[in-house]
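Undergrad:
Number of protein chains: 2
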Amino acid sequence: MLAKELQLSVATISKAIRDSHEISDKTKLRVNALVEKLNYVPNPYASSLRRRNSKTIGVVIPEVTDSFFAQAINGIESVAQEKGYHVLIYLTHESFEKEKMILKDFESGRVDGVLLSVTRETTQISHIEELMRMGVPLAFFDRVLEEIETTKIITNDYESAYLATKHLIKKGCKKILFLSFSNILCISSKRLSGYKNALLDHGIKVNDSDIITFSNESKTDYLLLKKKLKSPPRADGILASVEKLAITVYQACADLRINIPGDVQVISFSNLDSASFLNPPLTTISQPAFEIGKAAAAVLVKALGRKKFELQNEEITIPSAMVVRKSTRG
Amino acid sequence: MLAKELQLSVATISKAIRDSHEISDKTKLRVNALVEKLNYVPNPYASSLRRRNSKTIGVVIPEVTDSFFAQAINGIESVAQEKGYHVLIYLTHESFEKEKMILKDFESGRVDGVLLSVTRETTQISHIEELMRMGVPLAFFDRVLEEIETTKIITNDYESAYLATKHLIKKGCKKILFLSFSNILCISSKRLSGYKNALLDHGIKVNDSDIITFSNESKTDYLLLKKKLKSPPRADGILASVEKLAITVYQACADLRINIPGDVQVISFSNLDSASFLNPPLTTISQPAFEIGKAAAAVLVKALGRKKFELQNEEITIPSAMVVRKSTRG
DNA sequence: TTGAAAGCGCTAACAG
DNA sequence: CTGTTAGCGCTTTCAA
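Below is the structure:
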């Protein structure tokens, strides 16, 4: 902030640029003119250092090549842009170690607040508690940790899974497989309970071998699924709790010449735009990803605007919708 | 950097933490122990201010809910994480005004370097030139501006479009539609030339009304496409230069009861994982999105490591691959 | 309404 | 090998 010394003090310039009420209109005008002319843009790091905030939020997610998270980022970015916040993105690729390192870095004050969707491996919570203890507000979205007291933006996982399972039952399924990647994630277990309770409520016994947990190692997973699909008594319904698994199912069925929905009906949690053009069109539970991202960012930014950064210990639930297509059909 | 004063000067601590060679091993050990104990993390903004760099790169893209860009971010992030860089993401949503504002902000020194894929509206180049003039290195990926002298990471758009068109011709197509969103984007015009030259080389006259430019206003676009598909002489081949348009084509064909590939064969530029499960499976030109992101970040980070940030004026081309599926078939 | 001075937390340059 | 000093560019008192 040098060249401007032509006329005024740095303090005045600083205030004028931020449109402080204690500066006269004439000087503001003069300053703005010079700012324009010299193409001056204040150094955000000097400002951050002094003000102890960065106008930046950190977003930590497992993947970005997943339509749910991509749409969520979109939502987050839309409110960040509107409110003048910058968005730092970090991908954990489901590694708990990475998650820990990233949150540790946040203790530096790099970000004013954090939006987190945990990895499939995350069971400990100390790294998160530590960060929050240091005064960095953190909200969860989608993949939350219930033990931690903060705001959580989620969808109605239990109800959706219940609904999906009921739908399969209504369409005549007797033996329904439940596919997931993790039994750790709270979101998975909610979906699992929804599945189980729907079965029980309709007088179907829950069979543990129908609940399949994959490793996310494509080849192994593929083989495992094929084995399950072949072994009698044959399943006639599948609820995939993850989009990626629906694709695996389609692949395996094509391979084994199992007809969807003739032999087996399929429904999946998914946000794929192209779900309706799959062969056959996939019945989905589609999550309001954009809205979840938006709500998460809004809550965080709002908290950041207050003196005491307080994130209520509450769950904000934005419901998913079931979209029935041809992969399920009596 | 306070509590440590128990024993040493701030300068020593600073050097020890950064593992400077001019500090003895014993003190490093002592310092690290205390760092551990007090959970100390250096303030990045103070460091940025002093060192005049931020270890941060800015990524500016039109959308994130697009499998190409999502994969590209993935590639960018992978090298950033490896090299200790942070990634700020900005979405333009195809708005030139936003692009300008974002790059203007970068003049503040917020980022050490920029990776840019321009909007469909971008025709001016002054905002980019200005940023570069200020010493901020910028590399393009995918949607590049040829007029600007810097490194550009692209795929072989011309050749791919040529190949795709040739493929349709070989499969018997006589009247091939070319669908795109913009005639401004260099990448689009390259694809268009590939298409045109393939036609010419095979003795087919280029028909201007077969080249359709959409507005990205879903309803209008959909109607326009349907009109084109119905109007005789009927097209028997389609090359969609954008993934999203392939989905529109599938929709319109389903609606009009036009059979793919029986009535019309379809090929599209696309990175959809689910392309093979569409009905029918979509023949694609699939771009090496992850690699493009990775290469772009690598080039930028490498330049950032040098005294004089120099980005060669060169094009790095990573070829796309045609994956033939059932949407094209003689 | 403006300005002088102090200092955010770090690091580079230079002494010792 | 360790310490001293002087800022990086901004914002915040507080005084004028």
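So the protein lines, in turn, are chains A and B. Under our numbering, residues 1308 to 1637 are what the first sequence spells out, in order. Under our numbering, residues 1308 to 1637 are what the second sequence spells out, in order. Ideal Cβ positions, reconstructed from N, Cα and C, are used throughout, including at glycine.
Taking Cβ to Cβ, would you say I1483 (chain B) is nearer than 8 Å to I1565 (chain B)?
TA: No, the pair does not count as a contact, with Cβ atoms beyond the cut-off.
Undergrad: Between the stretch 1412-1431 of chain B and chain A, which residues of the former have CB atoms less than 9 Å from a CB of the latter, in chain order?
TA: Those would be D1412, F1413, E1414, S1415, G1416, R1417, in chain order.
Undergrad: Exposed or buried, N1578 (chain B), counting other C-beta atoms within 10 Å across all chains shown (16 or more means buried)?
TA: N1578 (chain B) is buried by the Cβ-count criterion.
Undergrad: One question on the structure: do Y1352 (chain B) and L1475 (chain A) come within less than 8 Å of each other, judged by their Cβ atoms?
TA: For Y1352 (chain B) and L1475 (chain A), no; Cβs fall outside 8 Å.
Undergrad: For a cutoff of 8 Å on Cβ pairs, would you count F1584 (chain B) as touching chain A?
TA: Closer than 8 Å to some Cβ of chain A, the Cβ of F1584 (chain B) qualifies, so yes.
Undergrad: Excluding the five sequence neighbours on either side, which residues of its own chain have a C-beta within less than 6 Å of the C-beta of G1420 (chain B), listed in chain order?
TA: I1364, P1444, L1607, L1611.
Undergrad: Is the CB-CB distance between Y1696 (chain A) and A1547 (chain A) below 8 Å?
TA: Look at the range of chain A in this structure, 1308 to 1637, and you will see that residue 1696 (chain A) is not part of it.
Undergrad: Could you pull the DSSP bridge partners for V1573 (chain B) from this structure?
TA: Its beta-bridge partners are B:I1545.
Undergrad: Among B:R1359, B:M1439, B:N1346, B:S1374, which one has its Cα closest to the Cα of K1411 (chain A)?
TA: Nearest of B:R1359, B:M1439, B:N1346, B:S1374 to K1411 (chain A), Cα basis: B:N1346.
Undergrad: With 16 as the cutoff for other CB atoms within 10 Å, does R1440 (chain B) come out buried or exposed?
TA: When all chains shown are included, R1440 (chain B) counts as exposed.
Undergrad: Within a Cβ cutoff of 6 Å, which residues of the same chain sit near E1428 (chain A), ignoring the five residues on either side of it in sequence?
TA: Answer for E1428 (chain A): F1403, listed in chain order.
Undergrad: For the stretch 1325-1349 of chain B, enumerate the residues whose C-beta is nearer than 8 Å to any C-beta of chain A, in chain order.
TA: Hits within the stretch, in order: N1346, V1348, P1349.
Undergrad: To which residues of the same chain is I1599 (chain B) closer than 7 Å at the C-beta, ignoring the five residues directly before and after it?
TA: Closer than 7 Å at the Cβ level, and outside the excluded window around I1599 (chain B), lie A1379, G1382, F1448, D1449, I1460, T1462, I1625.
Undergrad: With 16 other CB atoms within 10 Å as the buried threshold, where does E1384 (chain B) fall?
TA: E1384 (chain B) should be labelled buried.
Undergrad: Could you tell me the distance, in whole angstroms, from the CA atom of V1371 (chain B) to the CA atom of K1333 (chain A)?
TA: Straight-line Cα distance between these residues: approximately 44 Å.
Undergrad: Taking 8 Å as the cut-off, decide whether the C-beta atoms of V1513 (chain A) and L1532 (chain A) are in contact.
TA: Contact flag unset, no.
Undergrad: Please determine, among A:R1613, A:L1486, A:I1409, A:V1571, the residue with the shortest C-alpha to C-alpha distance to K1478 (chain A).
TA: When each option's Cα is compared against that of K1478 (chain A), the closest is A:V1571.
Undergrad: What are the start and end residues of the beta strand (DSSP E) that includes T1624 (chain B)?
TA: First-last of the beta strand (DSSP E) with T1624 (chain B): 1622-1624.
Undergrad: Using the Cβ count rule (16 or more neighbours within 10 Å means buried), how would you classify Q1431 (chain A)?
TA: Exposed: under 16 other Cβ atoms inside 10 Å.
Undergrad: Would L1585 (chain B) and F1584 (chain A) qualify as a contact pair, given that the criterion is a beta-carbon distance under 8 Å?
TA: Contact: yes.
Undergrad: Applying the criterion that 16 or more other CB atoms from any shown protein chain within 10 Å of the CB defines a buried residue, is A1542 (chain B) buried or exposed?
TA: Per the 10 Å Cβ criterion, buried.
Undergrad: Return the chain-ordered list of same chain residues with a C-beta closer than 7 Å to the C-beta of V1639 (chain A), the five sequence neighbours on each side being excluded.
TA: Coverage of chain A is limited to positions 1308 through 1637, which leaves residue 1639 (chain A) absent and any answer about it impossible.
Undergrad: Could you have a look at V1556 (chain A) and say whether DSSP puts it in helix, strand or coil?
TA: Three-state DSSP puts V1556 (chain A) in a helix.
Undergrad: List the residues of chain B whose Cβ lies closer than 7 Å to the Cβ of N1514 (chain A), in chain order.
TA: Result: empty, since nearest Cβ-Cβ is about 28 Å, beyond 7 Å.
Undergrad: Given a cut-off of 8 Å, decide if A1446 (chain B) and L1618 (chain B) are closer than it, judged by their beta-carbon atoms.
TA: It is a contact, given that the beta carbons lie within the stated cut-off.
Undergrad: Got a sec, what are the start and stop residues for the beta strand (DSSP E) V1342 (chain B) sits in?
TA: No beta strand (DSSP E) holds V1342 (chain B); the alpha helix (DSSP H) holding it covers 1332-1345.
Undergrad: When DSSP labels each residue in this structure, what does S1316 (chain A) get in the three-state scheme?
TA: Note: S1316 (chain A) maps to coil in three-state DSSP.
Undergrad: How about P1349 (chain A) and S1415 (chain B): do their beta carbons lie closer than 8 Å?
TA: A contact, by the Cβ cut-off of 8 Å.
Undergrad: Would you mind telling me which residues of chain A sit closer than 7 Å to S1581 (chain B), beta carbon to beta carbon, in chain order?
TA: Ordered by position in chain A, the residues that pass the 7 Å Cβ test against S1581 (chain B) are I1554, L1579, S1581, L1585.
Undergrad: Exposed or buried, which one is L1336 (chain B) when buried takes at least 16 other CB atoms within 10 Å?
TA: Exposed is the call here.
Undergrad: Out of A:L1395, A:V1425, A:S1331, A:L1438, which one is the CA nearest neighbour of S1495 (chain A)?
TA: Considering only alpha carbons, the answer is A:V1425.
Undergrad: Counting only C-beta atoms, is P1595 (chain B) closer than 8 Å to chain A at any point?
TA: It does not: the Cβ of P1595 (chain B) has no partner Cβ on chain A nearer than 8 Å.
Undergrad: Since K1614 (chain B) is in the alpha helix (DSSP H), which residue starts that stretch and which ends it?
TA: Run containing K1614 (chain B): none; DSSP gives neither H nor E here.
Undergrad: Looking only at C-alpha atoms, which of B:P1540, B:P1588, B:K1551, B:K1609 sits nearest to Y1529 (chain B)?
TA: Answer by Cα proximity: B:K1551.
Undergrad: Quick one, which of A:K1344, A:L1422, A:H1434 has its alpha-carbon nearest T1458 (chain A)'s?
TA: When only C-alpha atoms are compared, the closest one is A:L1422.
Undergrad: If we ignore side chains and look at the alpha-carbon of each, how far apart do E1406 (chain B) and L1563 (chain A) end up?
TA: The straight-line gap from Cα to Cα measures roughly 49 Å.
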